[in-house]
Ligand code: B3K
Ligand code: ZN
């Protein structure tokens, strides 16, 4: 286990490495309880740091022997690993260590999942495998020999030799240790093939456990599409003869971009129509693309240190979003991303865990793989592209790849290429990387004598450690509509650089209706006093699909807040406007399904908190239920018609067209269920031949309180499929009546199939509870206690997943003093656990603030 003493590491303290690594040879003698790792590493003194002490990272390693230039010696073991005196010139370090992969429940380093050996080294897991300078700015060429009795033994790069009981691999591309990977086990492959733009043949494989072969075809196609797309759009070609993907059941996150050997959480790669929903398919396609795109943005150009994490993550998320937009529907993707950004990143940015896209310090880097680094990081790239334009963006990226290939780079390097290409000074833009918090953008307008003016004011609230924030450059895309809904002029990008700034349009015949922040051109909270009529007008007429959707969301949000705060009845203008959109056959069904979505419970809690009100989770739930019921009644005929019209009769395809139709039909089914008590949902359940239909029907039945039989049937049908059973776990919690949610989650933790060793199952049960606010925030605190109990149990086994799930408590300050007291008592109980991991202790300490 890691030591719990919280030592913060600061960006300002960066020092280049004392030594560089020319090449590294690793031999693994695999054994579940006693794997031997023999390393031979050629070190050269770093000319930039002559004379600096030689230190290697190492954690939980049993050192068997060590040699320097062939002579056995005894290094000094330290807190971080070891140190020893070394010659002032190149030398060879050799060592043998012993580790126990079967005992590794943290799923970091070399561990076992269902009898299969696998690794996870990002960020600092390689030091649990052998002594090494485990930092991303030390890049080297790896040669690996794996010895063992597994039928398949893989590592990075290209295979060079294999025989009875061994396999050898060589990766010609220098890489940091965090990109090292090894997999060994009883695996079968789904093969594929790709010819690169320069005509090189690449062998592709998706490796899975026997039995899962039938779930690889979609992932393989997604990989091929990603490889082609990166050539066509970014000019990036793949650089090895082989690209392997492996599916692993026990994995702390989604996937990992190890060079030439991506390792995936099986939930993020295995797909079949019978077992995966349309949403799963879209996500799998995006994650495969994301990991593949890292080959250039992450691997060929990596990060100097972990403070620069957004350099690879923000850019790669941005690239995978562009890919999904091209493969599917750009407006739908943008709306989905903004929903997720607000749900996760805005929530984080407005609470105790707020941190800059490039943090200045951390205790445990694994705690910084956050929505801010990833999603806000991607928004920053989007803003940069908007500010410089598509052509300059393309030039800057070409220069970035040319100038920094093979480098461990920084945000400064990244911004420099844009400055060099455009001549712009990006000093102010850099604040987006350095200042946490979501800017609030207030806007008012006036119109007189043909002149229309928009007055903006920006302010970024204080965040931990950052009281004052100067104004940032904000690209605001604005369009103007006439009273009849015509575009008056093309969308303009306003560049706001001051705290207060006004923008003018002249010679307008009449007062226009502005459409502000089109495409959500900046990650800000837009505050605008407007009325229902204008929102309904924009919902009907805006030509920008994002703002069309946004107008409907604002209408729904306003109506819900009035219901919660003033006891208002459901807003008729919302009901009318949403019905018009739902019926508009010129609109993409996927868009219509999104337009019928409502703000989440958490969105509403955040909105109430922003308005200075203490949210009552039950009142939020009740308002949403009342509105949903009123809407089902108001839209009865529409729902029936939409349901019938959007039944897919062709064979299942997970593409945008079919999944859009299913999304709309299933939204309609939700409304129908409120009126028919579940009869239609039961028919859909009984006739479903794909998971999207089956799961949507089961959710409706559970919400209607009629799901008992279907739930049992679902379990009986899928009990041997771990990924589907994860859905079975989470569905019951998510669709439970709030009064029951804690009891449901608790009884599921007693189910024979519950195991906390599998992060997917743990998240499906306790993560699902944390994502059901009315249930989780029960007034008696039972939800908090249940979650804390399990976090305390999980921490000694898996600190990373424990720490991540602590963020369920990050919103505690929003709530009433009783709830605040109950939550802080649980946080204190966690902090008091002897030997609490560094990961969890940092998270809880920050959350408490
Ligand atoms: N780079 C990995 C995440 C590693 C997380 C380490 N705790 C996956 C990705 O972003 O592609
Ligand atoms: Zn990534």
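Residue numbers (our numbering): 104 to 952.
The beta-carbon is built from N, C-alpha and C at its ideal position, and this holds for glycine as well.
Indicate, with yes or no, if ligand 1 has a heavy atom lying under 8 Å from the CB of residue i.
| i | result |
| --- | --- |
| residue 469 | yes |
| residue 226 | yes |
| residue 393 | yes |
| residue 322 | no |
| residue 356 | yes |
| residue 214 | no |
| residue 903 | yes |
| residue 223 | yes |
| residue 472 | yes |
Near residue i, what residues of its chain come up, given a Cβ to Cβ distance below 8 Å and the 5 sequence neighbours on each side ignored?
| i | result |
| --- | --- |
| residue 792 | 376, 377, 755 |
Can you list, in chain order, the residues of its chain whose CB lies under 7 Å from that of residue i, leaving out five sequence neighbours each side?
| i | result |
| --- | --- |
| residue 895 | 933, 936 |
| residue 374 | 318, 321, 322, 383, 384, 387 |
| residue 714 | none |
| residue 112 | 464, 465 |
| residue 517 | 414, 503 |
| residue 884 | 925 |
| residue 949 | 455, 456 |
| residue 856 | 828 |
Give me, in chain order, the residues of the same chain whose beta-carbon lies closer than 6 Å to that of residue i; leave out the 5 immediate sequence neighbours on both sides.
| i | result |
| --- | --- |
| residue 974 | The question about residue 974 has no answer, for the chain in this structure spans 104 to 952. |
| residue 219 | 288 |
| residue 673 | 730, 733 |
| residue 490 | 578 |
| residue 106 | Since pLDDT at residue 106 reaches only 47, below the 50 mark, its modelled position is unreliable, and no value is offered. |
| residue 123 | 147, 149 |
| residue 614 | 550 |
| residue 203 | 136 |
| residue 207 | 214 |
| residue 350 | 311, 367, 369, 372, 373 |
Between residue i and ligand 2, is the CB less than 8 Å from at least one heavy atom?
| i | result |
| --- | --- |
| residue 415 | yes |
| residue 360 | yes |
| residue 401 | yes |
| residue 420 | yes |
| residue 477 | yes |
| residue 397 | yes |
Since residue i and residue j should fall inside the 8 Å C-beta cutoff, what is the C-beta to C-beta distance between them, to a whole number of angstroms?
| i | j | result |
| --- | --- | --- |
| residue 910 | residue 867 | Contact doesn't hold; Cβ gap of about 17 Å is too wide. |
| residue 745 | residue 768 | 7 Å |
| residue 538 | residue 569 | 6 Å |
| residue 283 | residue 222 | 7 Å |
| residue 438 | residue 697 | 5 Å |
| residue 869 | residue 893 | 5 Å |
| residue 790 | residue 455 | Between residue 455 and residue 790 the Cβ distance is about 48 Å, and since that is not below 8 Å, they are no contact. |
| residue 667 | residue 726 | 5 Å |
| residue 528 | residue 408 | Not a contact, Cβ separation roughly 25 Å. |
| residue 685 | residue 738 | 7 Å |
| residue 433 | residue 391 | That belief does not hold up - the Cβ atoms of residue 433 and residue 391 are roughly 19 Å apart, past 8 Å. |
Segments of 4+ residues assigned as alpha helix (DSSP H) that fall wholly inside the segment 872–913: Whole alpha helix (DSSP H) segments, 4+ residues: 876–879, 885–897, 902–908.
Segment contact flag, the segment 560–578 with the segment 590–610, C-beta cutoff 8 Å, min 3 pairs: At 8 Å Cβ cutoff, the stretches touch.
Three or more C-beta pairs below 8 Å linking the segment 256–268 and the segment 352–367: yes
Length-filtered (4 minimum) alpha helix (DSSP H) runs lying within the segment 351–436: 381–396, 412–430
Sequence ranges, beta strand (DSSP E) only - wholly within the segment 912–949, length at least 3: none
Validate contact between the segment 693–711 and the segment 775–787 using beta carbons, cut 8 Å, 3 pairs: No: the two stretches stay apart, fewer than three of their Cβ pairs being nearer than 8 Å.
Inter-stretch contact at 8 Å, needing at least 3 Cβ pairs: the segment 659–672 / the segment 447–459: no
Uninterrupted alpha helix (DSSP H) stretches inside the segment 710–762 (no shorter than 4 residues): 720–737, 739–748
Runs of beta strand (DSSP E) lying entirely within the segment 285–340, each at least 3 residues, in chain order: 285–288, 291–298, 304–311
In chain order, each beta strand (DSSP E) run of at least 3 residues that lies wholly inside the segment 177–256: 184–186, 194–202, 212–216, 219–223, 243–250
The segment 183–195 in contact with the segment 146–161 per 3-pair CB rule at 8 Å: yes
Residue ranges of each beta strand (DSSP E) within the segment 569–643, 3 or longer: 577–584, 590–599, 603–608, 616–619, 628–631
Cβ contact (3+ pairs, closer than 8 Å) linking the segment 420–431 and the segment 470–489: yes
Stretch-stretch touch, CB-based, cutoff 8 Å, three pairs: the segment 187–206 with the segment 270–279: The way I'd put it, the segment 187–206 doesn't touch the segment 270–279; fewer than three beta-carbon pairs between them come closer than 8 Å.
Sequence ranges, alpha helix (DSSP H) only - wholly within the segment 829–860, length at least 4: 841–852
Length-filtered (4 minimum) alpha helix (DSSP H) runs lying within the segment 517–567: 534–537
The segment 128–145 in contact with the segment 221–237 per 3-pair CB rule at 8 Å: The segment 128–145 vs the segment 221–237: in contact.
Any alpha helix (DSSP H) of 4 or more consecutive residues that is wholly inside the segment 750–828: 759–779, 782–790, 794–806, 811–821
Touch test, the segment 795–809 against the segment 843–856, Cβ-Cβ under 8 Å, three pairs minimum: no
Touch test, the segment 675–695 against the segment 639–658, Cβ-Cβ under 8 Å, three pairs minimum: yes
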